[in-house]
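K.L.:
This structure is in structure tokens; I'll ask about it shortly.
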Amino acid sequence: MVDISNGTDQDLLPESRFQYRTVRVEHLQDMQNYIDELRKNGFFSENKVFRSYVDKLAFRLPENFPEAKYIIVIAVHSPLARANLRYHGETHSVFIPPNYYEFDFTIKQLQSTIARRIVKREDCRIEDVRHNIYLKHLAVRSGLAKYGRNNICYVDGMGSMLSLFAFFTDHVFEEDHWTDIQMMDSCEKCRICMNECPTGAIPNERFVINVEKCLSLYNEVAGEIPNWIPEWAHTSLMGCMHCQFACPANREIIAAAVDFDEVTEDETVALLNEHFNEDMTRVLSEKLKVVKPEQAETYLPVFARNLRACFSSLFKKNMEMSI
413 MVDISNGTDQ DLLPESRFQY RTVRVEHLQD MQNYIDELRK NGFFSENKVF RSYVDKLAFR
473 LPENFPEAKY IIVIAVHSPL ARANLRYHGE THSVFIPPNY YEFDFTIKQL QSTIARRIVK
533 REDCRIEDVR HNIYLKHLAV RSGLAKYGRN NICYVDGMGS MLSLFAFFTD HVFEEDHWTD
593 IQMMDSCEKC RICMNECPTG AIPNERFVIN VEKCLSLYNE VAGEIPNWIP EWAHTSLMGC
653 MHCQFACPAN REIIAAAVDF DEVTEDETVA LLNEHFNEDM TRVLSEKLKV VKPEQAETYL
713 PVFARNLRAC FSSLFKKNME MSI
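Count along the sequence shown starting at 1, add 412, and that's the number in my numbering.
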């Protein structure tokens with residue numbers, strides 16, 4: 413049960429920040445069948461990193477919640493962020509897409525928001541399952557989102573600057589929003605994202621991208637970034653924004669990017685050189701909002717590698733422009 417007897421409206425997400433849909437659990441098997449068909453037809457990459465993300469996902473009732481009746485899928489607007497780093501006497505901006513930095517709310521706050529503003533009951537269960545389910549497919553089948561040609565979810569008023577969450581509940585809603593898979597109408601004749609993708613990962617004929625070619629698959633984890641990825645592709649501290657920057661559906665949303673606290677020259681140098689003492693780890697974690705101090709050992713070296721790639725691309729471009 414979610415306790416909504418304590419707390420105030422100030423603890424909840426404003427209604428302007430999120431959108432939601434509800435789907436009956438009877439549709440779980442239909443969604444799983446679709447995923448199984450993709451696997452059967454060879455549309456699921458065998459890449460180890462990709463499989464580590466998806467092999468744990470499935471459309472099924474939680475074992476500890478067999479009485480669940482509906483799935484609530486929620487999109488929360490999460491703006492594009494800029495990390496501003498001083499280096500060589502200048503400030504350089506590197507982008508951090510949604511879902512790569514810490515949320516400014518907790519899952520408990522989101523559950524309370526659902527309880528107070530959506531379900532409006534104190535006696536129902538609301539269980540978080542965002543790490544166990546294919547969120548994009550659920551969002552599209554619920555009508556909350558539509559696919560872009562780039563296989564990314566878009567929600568009206570948010571573009572692709574959003575974070576998806578899913579919750580099982582035993583509350584019975586009046587409406588089941590189940591619908592067919594849809595791509596945005598504007599994508600029908602548009603090929604901008606295909607042309608902007610630095611690695612050619614976006615095919616023309618289907619929603620499913622060529623995962624092995626996607627930059628994000630390689631810069632989210634430790635290790636060397638393949639040489640076949642062009643140097644100019646690196647513009648984000650993690651992930652990739654090329655197709656989303658160029659997308660007409662994101663034009664106004666991208667312009668509303670937020671700035672994180674400036675990283676000083678000394679801090680930037682420490683990050684680039686991977687000199688992480690306790691104080692530096694804490695400061696970088698706070699300013700970049702992309703890692704908690706206890707996760708720093710895993711993530712900061714990845715950010716350092718990506719930042720070196722971003723700076724290499726930036727400085728090479730500036731040098732070419734000055735010739």
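Heads up, the beta-carbon is just placed ideally off N, CA and C, and yes, glycines get one too.
(1) Give me the Cα-Cα distance between residue 712 and residue 686, rounded to the nearest whole angstrom.
(2) Taking three-plus beta-carbon pairs below 8 Å as touching, is the region 633–647 in contact with the region 467–482?
(3) Please work out which residues of its chain come closer than 8 Å, Cβ to Cβ, to residue 666, disregarding the five sequence neighbours upstream and downstream, and give them in chain order.
(4) Counting Cβ pairs, one atom from each stretch, are 3 or more of them under 8 Å apart for the region 445–462 and the region 602–614?
(5) Pick out whichever of 720, 626 and 429 has its Cα sitting closest to the Cα of residue 515.
(6) Spell out the partners DSSP gives residue 538 in its beta bridges.
(7) When the Cα of residue 588 is compared with those of 426, 435 and 422, which residue comes out closest?
(8) Can you check DSSP and say which residues form a bridge with residue 595?
(9) Taking the alpha carbon of residue 544 as the reference point, which residue from 527, 577 and 523 has its own alpha carbon closest?
(10) Around the C-beta of residue 483, are 16 or more other C-beta atoms found within 10 angstroms, so that it is buried, or is it exposed?
(11) Whole angstroms is fine: what's the gap from residue 623's alpha carbon to residue 670's?
(12) By DSSP, does residue 731 sit in helix, in strand, or in coil?
(13) In chain order, which alpha helix (DSSP H) runs of at least 4 residues are fully inside the region 614–659?
(14) Examine the Cβ distances between the region 556–564 and the region 520–528 and report whether three or more of them are shorter than 8 Å.
(15) Between residue 652 and residue 628, which are expected to be in contact by the criterion C-beta below 8 Å, what is the C-beta distance as a whole number of angstroms?
(16) In angstroms, rounded to a whole number, what distance separates the CA positions of residue 630 and residue 654?
(17) Which same chain residues, not among the five before or five after residue 564, have their C-beta less than 6 Å away from its C-beta?
(18) From residue 697 to residue 613, what distance separates their C-alpha atoms?
(19) Using the C-alpha atoms, what's the distance from residue 638 back to residue 699?
P.N.:
On the basis of the coordinates in this document:
(1) In a straight line, the C-alpha of residue 712 is about 8 Å away from that of residue 686.
(2) no
(3) 492, 571, 573, 656 and 657
(4) The region 445–462 is not in contact with the region 602–614.
(5) 429
(6) 581.
(7) Comparing alpha carbon positions, the residue from 426, 435 and 422 closest to residue 588 is 435.
(8) Bridge partners of residue 595: 559.
(9) 577
(10) buried
(11) One C-alpha to the other measures close to 29 Å.
(12) Confidence at residue 731 is low in this model, with a pLDDT of 39, below 50, so the placement of that residue is unreliable and no value is reported for it.
(13) The region 614–659 contains these whole alpha helix (DSSP H) runs: 627–631 and 654–658.
(14) no
(15) 5 Å
(16) Our two residues, residue 630 and residue 654, have alpha carbons roughly 15 Å apart in a direct line.
(17) 572
(18) Rounded to whole angstroms, residue 697 to residue 613 spans 31 Å at the Cα level.
(19) For residue 699 and residue 638, the distance between alpha carbons rounds to 29 Å.
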